[in-house]
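The block underneath contains the structure these notes are about, expressed in structure tokens.
In UniProt numbering, the protein residues as written are 1 to 437.
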């Protein structure tokens with residue numbers, strides 16, 4: 001009887017604890033469900049924060065044209081690539097982010113895997129393409145297409161739409177890049193039609209076509225432009241003016257033997273120097289020494305941003321502007337380049353193989369000749385004029401009227417150089433020859 005009287009009166013007894021649990025259960029019948037909802041809300045908030053960090057990092061890297069993935073993304077790696085390293089950086093400045101990303105994220109919700117990155121990029125690209133399509137509206141447009149190969153040697157086709165927007169300004173928008181099985185006109189036509197259909201662009205709204213001069217593109221009987229004109233007779237083809245200029249310059253240079261040989265010699269000298277990092281370092285050291293020498297002789301001005309160390313860009317056959325860049329750089333770095341080649345030729349530099357020494361010796365002999373220096377200066381003056389035209393022709397806002405005016409102006413400048421530029425050119429060449437000999 002005493003046992004029954006004292007039963008449950010001890011607040012620490014098992015019975016008292018059971019009674020409290022029973023009362024709580026009756027008072028909050030949905031407690032378990034509410035706890036689950038609360039937990040789910042917290043997970044959603046964390047997941048959204050992780051995803052937002054991933055999206056922002058990918059957008060920034062894409063905008064800056066930076067690669068995402070590292071060569072080694074394992075835990076022991078010292079550099080996990082731009083994307084993961086950026087996540088780390090952001091997490092180090094924000095405790096809330098640091099608590100939910102990377103190592104603190106659950107294994108199934110990190111949102112950092114390569115497939116997730118690719119999917120997000122596709123979504124961003126789709127949004128951009130959707131905005132471009134809105135901007136085009138129902139306007140007539142010109143189709144600009146070029147084909148090339150990617151790093152995997154797969155054929156691909158870049159599609160650019162040129163149109164006039166509602167305020168009346170000419171716009172060019174890179175719409176898509178498509179992999180193609182081959183570059184025949186039939187295949188390109190089929191793929192282009194699919195792209196236009198995908199974005200609901202009416203073929204009959206094409207008012208122009210701009211391609212390079214390849215037969216599969218410009219062919220009047222079975223080329224790509226002819227196939228589109230069968231459907232849209234006003235889609236006139238215009239050969240890219242910048243490409244025409246490139247072809248004209250290449251053809252003209254080959255007609256003059258000395259000029260043709262000069263560019264072969266230029267490529268030999270530049271490629272011999274920049275073919276290894278050791279030689280590039282030697283070129284850098286020679287530049288610094290040359291600057292110090294000229295400053296000591298008061299032949300070089302000093303100041304903030306002046307006298308920057310430069311490089312020798314290689315000339316590229318498909319980009320004539322690169323030849324102009326090589327000419328200008330070699331003129332500026334003539335003595336440092338000559339010293340590197342001389343060092344290689346005498347087996348004191350990094351290129352000690354017989355082939356390297358022979359190439360360097362040949363380049364040294366060329367750079368010591370007056371003819372090479374003379375043509376180098378001629379090409380700098382002449383290509384300086386054509387390079388300005390090349391850049392103008394590639395402007396997005398360029399039109400046929402202004403393009404023809406630019407061509408006319410260029411011809412006038414070249415004629416003026418021919419008629420009145422000899423005295424100055426001769427003086428510049430002789431001065432250069434005397435100071436470098």
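Quick reminder that beta carbons are idealized off the backbone N, C-alpha and C, glycines included.
For residue i and residue j, I'd like the C-alpha separation in whole angstroms.
i: residue 345; j: residue 276; result: 15 Å
i: residue 68; j: residue 83; result: 5 Å
i: residue 149; j: residue 371; result: 39 Å
i: residue 160; j: residue 265; result: 37 Å
i: residue 89; j: residue 118; result: 21 Å
i: residue 59; j: residue 405; result: 41 Å
i: residue 421; j: residue 383; result: 14 Å
i: residue 349; j: residue 410; result: Annotation note: pLDDT 49 at residue 349 (below 50); position unreliable, coordinate value reported separately. Distance between the alpha carbons of residue 349 and residue 410 is about 43 Å.
i: residue 260; j: residue 80; result: 48 Å
i: residue 145; j: residue 206; result: 13 Å
i: residue 434; j: residue 407; result: 36 Å
i: residue 385; j: residue 417; result: 10 Å
i: residue 400; j: residue 133; result: 25 Å
i: residue 427; j: residue 323; result: 24 Å
i: residue 87; j: residue 96; result: 13 Å
i: residue 432; j: residue 315; result: 23 Å
i: residue 378; j: residue 347; result: 33 Å
i: residue 430; j: residue 245; result: 31 Å
i: residue 16; j: residue 104; result: 40 Å
i: residue 231; j: residue 54; result: 45 Å
i: residue 240; j: residue 225; result: 13 Å
i: residue 50; j: residue 111; result: 7 Å
i: residue 40; j: residue 131; result: 35 Å
i: residue 311; j: residue 290; result: 14 Å
i: residue 122; j: residue 165; result: 26 Å
i: residue 66; j: residue 363; result: 37 Å
i: residue 129; j: residue 355; result: 52 Å
i: residue 438; j: residue 217; result: What the structure shows of the chain is the stretch from 1 to 437, and residue 438 is not part of that stretch, so it cannot be assessed.
i: residue 360; j: residue 262; result: 16 Å
i: residue 143; j: residue 62; result: 26 Å
i: residue 18; j: residue 48; result: 40 Å
Our contact map puts residue i next to residue j with C-beta atoms below 8 Å; I'd like the distance itself, whole angstroms only.
i: residue 140; j: residue 189; result: That belief does not hold up - the Cβ atoms of residue 140 and residue 189 are roughly 20 Å apart, past 8 Å.
i: residue 336; j: residue 287; result: 5 Å
i: residue 178; j: residue 195; result: 6 Å
i: residue 136; j: residue 163; result: 5 Å
i: residue 343; j: residue 282; result: 7 Å
i: residue 185; j: residue 223; result: 5 Å
Give the range of the beta strand (DSSP E) segment to which residue i is assigned.
i: residue 170; result: 170-179
i: residue 207; result: 206-211
i: residue 148; result: 141-149
With distance defined between alpha-carbon atoms, name the residue in the options nearest to residue i.
i: residue 182; options: 156, 202 and 171; result: 156
i: residue 341; options: 369, 279 and 322; result: 279
i: residue 73; options: 97, 65 and 114; result: 114
i: residue 64; options: 56, 71 and 153; result: 56
i: residue 198; options: 175, 111, 240 and 206; result: 175
i: residue 158; options: 147, 166 and 423; result: 147
i: residue 101; options: 142, 131, 128 and 46; result: 46
i: residue 424; options: 388, 391, 374 and 271; result: 374
i: residue 209; options: 186, 203, 237 and 256; result: 237
i: residue 394; options: 263, 281, 75 and 172; result: 172
i: residue 328; options: 391, 91 and 313; result: 313
i: residue 334; options: 273, 103 and 387; result: 273
i: residue 339; options: 367, 262 and 381; result: 367
i: residue 457; options: 354, 376 and 214; result: There is simply no residue 457 to check, as the chain begins at 1 and stops at 437 in what is shown.
i: residue 204; options: 191, 235, 355 and 223; result: 235
i: residue 381; options: 325, 360 and 107; result: 325
i: residue 249; options: 387, 186 and 412; result: 387
i: residue 330; options: 151, 99, 353 and 269; result: 269
i: residue 242; options: 154, 357 and 403; result: 403
i: residue 201; options: 191, 107, 138 and 419; result: 138
Who does residue i pair with in a DSSP beta bridge?
i: residue 156; result: 148 and 179
i: residue 237; result: 209
i: residue 293; result: Paired residue(s): none; residue 293 is not in a bridge.
i: residue 163; result: 141 and 171
So residue i is in the alpha helix (DSSP H); what residue range does that whole segment cover?
i: residue 111; result: Where residue 111 is concerned, there is no enclosing alpha helix (DSSP H), given that its DSSP letter is neither H nor E.
i: residue 272; result: 257-274
i: residue 368; result: Taken as a continuous stretch (DSSP letters only), residue 368 belongs to no alpha helix (DSSP H), as it is neither H nor E.
i: residue 90; result: 82-93
i: residue 418; result: 400-420
i: residue 397; result: First-last for residue 397: undefined, no H or E at that position.
i: residue 335; result: 334-345
i: residue 194; result: 185-198
i: residue 225; result: 224-231
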